[in-house]
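Using the numbering used here, the first residue of the sequence shown is number 1, and each one after it goes up by one.
What follows is a short report on a single structure.
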Amino acid sequence: MTRPSDAVPRSPHSLARAAQILVALYALLDPTRPKLFDATDHGLFYSRYVSASALVGLATLVTFLLWFRRCRYNAQALSVGPFAHTPGWAVGAWFTPVLMWWRPRRIALDIHRAVGHDPATDTTVTLINAWWAAWIAHMAAAVTVTSTSYTDSVVLSVVSQALYLIAAVFVILVIQRITAAQTRAVAAYAPAEVPAA
């Protein structure tokens with residue numbers, strides 16, 4: 001008896017490339033970039049820019065979550081060990097209040113650890129931690145910027161954007177690392193056979 005067909009891993013390569021391109025594009029198009037437009041001049045160009053940015057942002061979110069979910073399913077098929085969180089949490093964790101601050105990182109670490117690697121030379125855990133630290137710092141700065149008392153703070157806006165760009169670079173590298181490891185593992189995958197009773 002073989003594993004269920006839904007547990008067969010599939011290469012995340014195509015989703016990874018799309019996610020990396022969109023993350024980079026959205027980092028360049030983010031409409032909250034400080035002083036990009038005069039606050040009093042919200043003309044046609046501005047509205048088109050914001051619309052395009054919103055569409056790219058939505059595409060980025062959906063594509064990244066599809067990649068993350070695919071990798072989580074792959075991790076379960078490629079690993080013999082149990083997982084603390086179901087594959088549904090690969091998406092749900094990003095939208096769950098309070099848990100969204102740490103559970104996606106935990107799932108990313110679980111995905112990484114499901115594929116064999118040499119701990120002595122592997123730096124993926126450090127890369128995941130750096131991405132998550134930059135992302136959380138960006139989110140904290142963004143929340144502060146949107147509060148009424150700090151709305152006009154150019155310094156906080158610049159800090160928030162810098163942290164976002166750093167997080168974007170790190171997540172592109174995280175996507176690359178995890179995808180490369182899973183692509184190798186998927187290519188070598190052989191379904192486990194269970195002897196008939």
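Ideal Cβ placement from N, Cα and C applies to all residues, glycine included.
query                                                                                                                                                                                              : result
One question on the structure: do residue 15 and residue 56 come within less than 8 Å of each other, judged by their Cβ atoms?                                                                     : no
Against chain C, does residue 158 count as a neighbour if the rule is that its beta carbon must be under 8 Å from one of theirs?                                                                   : No chain C is present in this structure, which holds just one protein chain.
Along the chain, where does the alpha helix (DSSP H) containing residue 147 start, and where does it finish?                                                                                       : No alpha helix (DSSP H) contains residue 147, which DSSP labels as neither H nor E.
Which of the three DSSP states is assigned to residue 86 in this structure?                                                                                                                        : coil
Around the Cβ of residue 60, are there at least 16 other Cβ atoms within 10 angstroms (buried) or fewer (exposed)?                                                                                 : buried
If you check the beta carbons only, do residue 78 and residue 189 fall under 8 Å apart?                                                                                                            : yes
Let me know the alpha helix (DSSP H) ranges lying completely inside the segment 152 to 190, each 4 residues or longer, listed in chain order.                                                      : 154 to 187
Report the three-state DSSP secondary structure of residue 79 (helix, strand or coil).                                                                                                             : coil
Tell me whether residue 160 is buried or exposed, calling it buried when 16 or more other Cβ atoms sit within 10 Å of its Cβ.                                                                      : buried
Starting from the C-beta of residue 48, find all residues in its chain whose C-beta is less than 8 Å away, skip the five residues before and the five after it, and write them out in chain order. : none
Among the residues of its own chain, which have a CB less than 8 Å from the CB of residue 174, if the five just before and after it don't count?                                                   : 108, 124, 127, 128, 131
Which residue wins for smallest C-alpha separation from residue 140, given the options 111, 187, 90, 100?                                                                                          : 100
Return helix, strand or coil for residue 10, following the three-state DSSP convention.                                                                                                            : coil
State yes or no: is the C-beta of residue 19 within less than 8 Å of the C-beta of residue 63?                                                                                                     : yes
Using DSSP with H/G/I as helix, E/B as strand and the rest coil, what is residue 102?                                                                                                              : coil
Which residue's Cα is closest to the Cα of residue 169: 85, 86, 9, 24?                                                                                                                             : 24
Using CA coordinates, which residue listed in 110, 88, 115, 81 is at the minimum distance from residue 184?                                                                                        : 115
Going by DSSP in three states, residue 115 sits in which element: helix, strand or coil?                                                                                                           : coil
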